[in-house]
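Below is one structure, written out as structure tokens; the observations come after it.
Numbering (this note's numbering), first residue to last: 7 to 77.
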């Protein structure tokens, strides 16, 4: 029997070099935290879910969105 566990990372808006200051300000107005997230923060969540530390977590949706879904 296969024991695949599938998770969903729900990422939000993140720092990019190609977006304007105006767009950044708009994104910041939509989130609960005072700064945009980074790709490293999403990767950290993915690595956690793939690790043994998340051994009893199954099939979740994990928002990594700076609080958009909590707002």
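Even for Gly, the Cβ is constructed at its ideal location relative to N, Cα and C. Just so we're clear, the structure is a prediction, and the values are computed from it rather than from any experiment.
Shown here for residue 12: same chain residues with a beta carbon closer than 7 angstroms to its own, the five before and five after excluded, namely 65 in chain order.
Here residue 16 has 67, 68, 69, 70, 71 and 75 as same chain residues with Cβ atoms under 8 angstroms from its own Cβ, once five neighbours each way along the sequence are excluded. Around the C-beta of residue 63, fewer than 16 other C-beta atoms lie within 10 Å, and the residue is accordingly described as exposed. Contiguous alpha helix (DSSP H) elements confined to the segment 36-65 occur at 45-56, taking only those with 4 or more residues. With a contact defined as Cβ atoms closer than 8 angstroms, residue 33 and residue 39 miss out at about 11 angstroms.
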